[in-house]
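Colleague: The opening position of the sequence shown corresponds to residue 379 in this note's numbering, with each subsequent residue numbered one higher.
Using N, Cα and C, we set each Cβ at its ideal position, and we do this for glycine too.
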Amino acid sequence: MEFVHIEETINVRKSFEDFGYFRLYVTDRNWVGEKFVTKEDTRSFLNRLRGMNEFFFDIYKHKLNGIRIDILIDCSYFSTQLEEDRPVKRFLREIEQNLHLLEDPRVLIEWKRKLRFYAGSPENYALLYHFCKSNSHLQISSEIAQYIEMQVYENGEKAVKSVIKKDYKRLAKELFEEELEFDYIIDRLSASTDRRLKDDSLFISRLFKFAMQDPRIFLYNILFIKQFYKPTYKEELFQQLFIRIQNEKRDNCSVTVEVIDQEQESENKINTDYCQDVRDNGEPMLMFFKNDPPSQVYSEKKDILTTIGKWVKQRLKAEDLKNLPIKSWIHFIKDQHQIRQDVGLLIIRNVSRIAGRLGDEYLFIAEGLIRGPESITPFPVIDPDSWVHLNQRQCAVLCYLICLIHDICKEKNYTIYEVSDDKLGAINILEIGRDGTEEKNGTRKISNPQTKQRITTEGKERHKKQNHWVSFHFRRLRKSENPSTAAIEKAKAYGIHNIPRGFTFVESFTRGSVIGERKISAIDVYRRTMQRFEHVGQEAQPS
379 MEFVHIEETI NVRKSFEDFG YFRLYVTDRN WVGEKFVTKE DTRSFLNRLR GMNEFFFDIY
439 KHKLNGIRID ILIDCSYFST QLEEDRPVKR FLREIEQNLH LLEDPRVLIE WKRKLRFYAG
499 SPENYALLYH FCKSNSHLQI SSEIAQYIEM QVYENGEKAV KSVIKKDYKR LAKELFEEEL
559 EFDYIIDRLS ASTDRRLKDD SLFISRLFKF AMQDPRIFLY NILFIKQFYK PTYKEELFQQ
619 LFIRIQNEKR DNCSVTVEVI DQEQESENKI NTDYCQDVRD NGEPMLMFFK NDPPSQVYSE
679 KKDILTTIGK WVKQRLKAED LKNLPIKSWI HFIKDQHQIR QDVGLLIIRN VSRIAGRLGD
739 EYLFIAEGLI RGPESITPFP VIDPDSWVHL NQRQCAVLCY LICLIHDICK EKNYTIYEVS
799 DDKLGAINIL EIGRDGTEEK NGTRKISNPQ TKQRITTEGK ERHKKQNHWV SFHFRRLRKS
859 ENPSTAAIEK AKAYGIHNIP RGFTFVESFT RGSVIGERKI SAIDVYRRTM QRFEHVGQEA
919 QPS
């Protein structure tokens with residue numbers, strides 16, 4: 379099974395390109411969709427867009443003020459199979475080829491009727507508007523252009539009146555008649571805004587359905603968005619928008635519209651770091667995990683993490699993913715794992731299948747409590763074959779996550795139990811292995827965290843006294859030397875065909891006289907390898 383692969387620019391800080399009246403960012407690769415697309419495939423479109431932008435702004439600058447717009451485009455948007463022979467295009471070609479027929483009043487009336495019909499669909503606005511501006515000498519052009527402008531503006535006014543103002547008015551009346559809590563009012567207005575933005579997303583998705591075929595069409599749609607939100611901007615309801623465009627399925631342009639508030643703006647999450655901070659589009663990237671100074675230890679640790687990650691990936695099959703728990707859960711990093719200094723807890727939020735360079739890839743969106751900023755940050759689980767441009771701390775977090783996925787999906791060796799928290803309420807905790815519990819892949823409720831701690835501690839003490847199975851692992855050698863031939867042969871029996879320099883291989887064994895339960899726990903392999911790595915490293919340090 380392949381996890382998502384990334385381009386070389388993972389640790390390069392990205393920002394929006396400023397076009398003056400909107401800002402644009404195109405992802406390095408597709409993060410959704412059925413076709414593999416990279417930014418390289420969009421280069422021609424973007425170059426033409428830049429070339430036309432100044433000319434377009436000079437003509438329409440009086441209409442391009444107002445609400446600020448940030449647009450993030452997933453590369454999948456450019457995978458759409460275009461309908462070159464759409465009825466509206468055929469009709470416009472017919473007009474251009476038969477302009478002499480406009481002198482016939484009957485033909486003029488019929489053409490006006492058809493143009494108004496096509497102008498009823500937002501998908502056609504930009505194409506028709508461009509036709510009218512390019513043929514401004516025709517009598518029907520100004521009439522149809524004004525009709526489209528009026529439709530866009532009236533739709534914007536309707537959105538304000540039908541949703542936002544109506545809710546404000548109703549809430550004001552309720553506030554007068556009853557004593558309402560302030561939080562209740564905020565919740566109601568927030569729900570109203572969400573409904574409005576959902577409708578706006580549908581409208582804008584129709585605008586952009588065919589915009590990738592021509593940069594001029596794209597720019598006209600920016601103009602229409604500005605006009606659509608003018609009534610909203612006048613009411614000072616929205617000041618800045620974030621629009622994400624992608625294409626999850628064939629010929630299906632999907633748009634998400636979000637309001638950017640002043641707090642987000644002041645936190646600088648939009649201007650420069652938006653694509654790396656809070657978005658789940660695959661490019662938050664583990665930017666918080668700053669690189670350690672390169673050294674021999676640095677290189678060895680990264681090599682062994684990559685080896686473990688590739689071994690786990692080979693064992694996982696796509697059908698194993700059906701074993702992912704349906705219920706939401708939180709996994710806390712145990713003290714013995716060194717990555718706990720970077721991440722406090724982990725959540726797998728979403729899994730999807732997307733097209734990759736060599737076939738299907740599986741995109742896991744994880745969330746981690748990142749130390750330092752102490753914020754829950756989304757990031758993708760990246761394939762070990764793409765770790766060459768990551769630092770060792772990023773590799774450590776990703777390797778742990780891949781091992782976690784293995785033990786959940788392949789071995790089904792986990793326990794989920796419910797804990798009551800004063801602040802969070804009831805939350806589900808996922809732990810790998812028994813670790814003091816009696817159920818495997820089961821659920822139980824523990825209302826008190828202290829009780830849970832006592833049970834876990836007792837289980838660990840009991841575990842120490844029993845004979846048990848020890849997973850295979852890698853042990854760091856005191857000298858950076860190649861593994862022995864015997865170690866290499868032993869590793870091959872476990873599906874590992876490469877032991878990095880500076881390590882040897884330790885087979886699985888039973889500690890004690892009784893054979894324990896033979897499990898293949900990737901988390902255990904990871905944990906034991908990292909423990910031995912740190913232990914040998916400490917011994918090797920001069921006193």
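So what does DSSP say about valine 410, is it helix, strand or coil?
Modeller: Against the sequence shown, residue 410 aligns to sequence position 32. In the structure shown, valine 410 sits in coil (DSSP, three-state: anything other than H, G, I, E or B).
Colleague: Rounded to whole angstroms, what's the CA-CA distance from isoleucine 725 to serine 457? Just pull it up for me.
Modeller: Taking the sequence shown and counting its residues from 1, the one referred to as residue 725 is at position 347. Taking the sequence shown and counting its residues from 1, the one referred to as residue 457 is at position 79. Cα to Cα, the separation comes out at about 31 Å.
Colleague: Which same chain residues, not among the five before or five after alanine 804, have their C-beta less than 8 Å away from its C-beta?
Modeller: By one-based count along the sequence shown, residue 804 stands at place 426. Around alanine 804: Glu796, Val797, Ser798.
Colleague: Just curious, the beta strand (DSSP E) that phenylalanine 400 is in, first and last residue?
Modeller: Position 22 of the sequence shown holds residue 400. Segment: none, phenylalanine 400 is in no beta strand (DSSP E) and carries neither H nor E.
Colleague: For glycine 444 and lysine 608, which I take to be in contact (beta-carbon distance under 8 Å), what is that distance rounded to the nearest angstrom?
Modeller: Looking up residue 444 in the sequence shown gives position 66. Looking up residue 608 in the sequence shown gives position 230. That pair is a contact at about 5 Å.
Colleague: Please report the distance separating the alpha-carbon of threonine 930 from that of tyrosine 507.
Modeller: Since the first and last residues shown for the chain are 379 and 921, residue 930 lies out of range.
Colleague: Should the region 778-790 be regarded as contacting the region 743-760, the criterion being three or more beta carbon pairs within less than 8 Å?
Modeller: The region 778-790, when compared against the region 743-760, does touch it at the 8 Å Cβ threshold.
Colleague: What's the call for phenylalanine 495, buried or exposed, on a 16-neighbour Cβ count within 10 Å?
Modeller: Residue 495 sits at position 117 when you count from the first residue of the sequence shown. Counting Cβ neighbours within 10 Å, phenylalanine 495 comes out exposed, since fewer than 16 surround it.
Colleague: May I ask you to report which of helix, strand or coil DSSP gives glycine 803?
Modeller: Taking the first residue of the sequence shown as 1, we reach residue 803 at position 425. DSSP places glycine 803 in strand when its eight states are reduced to three.
Colleague: Taking the alpha carbon of histidine 709 as the point to measure from, which residue in Gly746, Asp720, Glu521 has its own alpha carbon closest?
Modeller: Translated into the one-based positions of the sequence shown, residue 709 becomes position 331. Out of Gly746, Asp720, Glu521, Gly746 has the C-alpha closest to the C-alpha of histidine 709.
Colleague: Assuming aspartate 448 is part of the beta strand (DSSP E), what are its boundary residues?
Modeller: Counting from one through the sequence shown, the residue named residue 448 turns up at place 70. That run of the beta strand (DSSP E) goes 446-451.
Colleague: Measure the C-alpha to C-alpha separation of arginine 491 and alanine 497 and round it to an integer number of angstroms.
Modeller: For the purposes of this step, residue 491 is taken as residue 113 along the sequence shown, with counting starting at 1. For the purposes of this step, residue 497 is taken as residue 119 along the sequence shown, with counting starting at 1. Cα to Cα, the separation comes out at about 10 Å.
Colleague: In or out: asparagine 599 buried (at least 16 other Cβ within 10 Å) or exposed?
Modeller: If you number the sequence shown from 1, residue 599 lands on position 221. By the neighbour-count rule (16 or more Cβ atoms within 10 Å), asparagine 599 is buried.
Colleague: Classify arginine 853 as helix, strand or coil using the three-state DSSP reduction.
Modeller: Position 475 of the sequence shown holds residue 853. Strand.
Colleague: With a threshold of 8 Å, are at least 3 pairs of Cβ atoms found where one atom belongs to the region 766-779 and the other to the region 675-683?
Modeller: Result yes; three or more Cβ-Cβ pairs closer than 8 Å.
Colleague: Going along the chain, which residues of its own chain have a beta-carbon closer than 6 Å to the beta-carbon of valine 404, five neighbours each way excluded?
Modeller: Taking the first residue of the sequence shown as position 1, residue 404 is located at position 26. Around valine 404: Lys417, Thr420, Ile451.
Colleague: For glutamate 789, tell me which candidate among Lys695, Asn876, Arg731 has the shortest Cα-Cα distance.
Modeller: By one-based count along the sequence shown, residue 789 stands at place 411. That would be Lys695, whose Cα lies nearest to the Cα of glutamate 789.
Colleague: Kindly indicate which residue of Leu480, Ile807, Leu479, Glu532 has the alpha-carbon position closest to the one of leucine 723.
Modeller: Indexing the sequence shown from 1 puts residue 723 at position 345. Considering only alpha carbons, the answer is Ile807.
Colleague: Hey, is the region 579-586 in contact with the region 617-632, meaning 3+ C-beta pairs nearer than 8 Å?
Modeller: Short answer: they touch.
Colleague: Exposed or buried, what is serine 512 when buried is set at 16 or more other beta-carbons lying within 10 Å of its beta-carbon?
Modeller: Taking the first residue of the sequence shown as 1, we reach residue 512 at position 134. Result: exposed.
Colleague: Should methionine 528 go down as buried or exposed, given a rule of 16 or more other Cβ atoms within 10 Å for buried?
Modeller: Counted from its first residue, the sequence shown places residue 528 at position 150. With fewer than 16 other Cβ atoms within 10 Å, it is exposed.
Colleague: For glycine 746, report the span of its beta strand (DSSP E) as first-last.
Modeller: As a position in the sequence shown, residue 746 is number 368, starting the count at 1. Glycine 746 -> beta strand (DSSP E) spans 738-748.
Colleague: Here's a check: name, in chain order, each residue in its chain whose Cβ is nearer than 7 Å to the Cβ of arginine 906, leaving out the five neighbours to either side.
Modeller: To locate residue 906, count along the sequence shown from 1; it is residue 528. So the qualifying residues of the chain are Ser849, His851.
Colleague: Kindly indicate the opening and closing residues of the beta strand (DSSP E) around proline 758.
Modeller: Here residue 758 is taken as the residue at index 380 of the sequence shown, counted from 1. Residues 753-758.
Colleague: Looking at glutamate 697: is its Cβ nearer than 8 Å to the Cβ of glutamate 380?
Modeller: On the sequence shown, residue 697 is found 319 positions in, with the first residue counted as 1. On the sequence shown, residue 380 is found 2 positions in, with the first residue counted as 1. No.
Colleague: What residues are listed by DSSP as bridge partners for alanine 733?
Modeller: As a position in the sequence shown, residue 733 is number 355, starting the count at 1. The partner list for alanine 733 (beta bridge, DSSP) reads Asp738.
Colleague: So is valine 766 buried or exposed if we call it buried at 16+ other beta carbons inside 10 Å?
Modeller: What you label residue 766 is simply residue 388 of the sequence shown in a count that begins at 1. Label assigned to valine 766: exposed.
Colleague: With DSSP collapsed to three states, give me the class of leucine 723.
Modeller: As a first step, residue 723 is located in the sequence shown; it is residue number 345 there, counting from the start. It is a strand residue.
Colleague: Can you give the Cα-Cα distance for threonine 922 and glutamine 719, rounded to whole angstroms?
Modeller: In the structure as shown, the chain starts at 379 and stops at 921, and residue 922 therefore has no counterpart that could be examined.
Colleague: Nearest CA to the CA of serine 422: which residue from Asp592, Glu521, His478, His383?
Modeller: Against the sequence shown, residue 422 aligns to sequence position 44. Looking at the Cα atoms, Asp592 is the closest of the given residues.
Colleague: By alpha-carbon positions, which one of Asp902, Glu474, Asp577 ends up nearest to isoleucine 810?
Modeller: One-based indexing of the sequence shown puts residue 810 at position 432. Answer by Cα proximity: Asp902.
Colleague: Who are the near neighbours of glutamate 867 in its chain, counting only those whose CB is closer than 8 Å to its CB and skipping five residues on each side?
Modeller: To locate residue 867, count along the sequence shown from 1; it is residue 489. Hits under 8 Å: none found.
Colleague: Name the DSSP beta bridge partners of serine 393, please?
Modeller: Here residue 393 refers to the residue found at position 15 when the sequence shown is read from its first residue. According to DSSP, which records beta bridges pairwise, serine 393 is partnered with nothing at all.
Colleague: Tell me whether glycine 429 is buried or exposed, calling it buried when 16 or more other Cβ atoms sit within 10 Å of its Cβ.
Modeller: Translated into positions along the sequence shown, residue 429 becomes position 51. So glycine 429 counts as exposed.
Colleague: In the DSSP assignment, find the beta strand (DSSP E) that holds glutamate 626 and state where it starts and stops.
Modeller: Your numbering for residue 626 matches position 248 in the sequence shown. Looking at the DSSP string, the run of the beta strand (DSSP E) that includes glutamate 626 is 618-627.
Colleague: Apart from the five residues on each side of it in sequence, which residues of its chain come closer than 6 Å, Cβ to Cβ, to arginine 446?
Modeller: Counted from its first residue, the sequence shown places residue 446 at position 68. If we look at arginine 446 and ignore the five residues flanking it on each side, its Cβ neighbours are Gln618.
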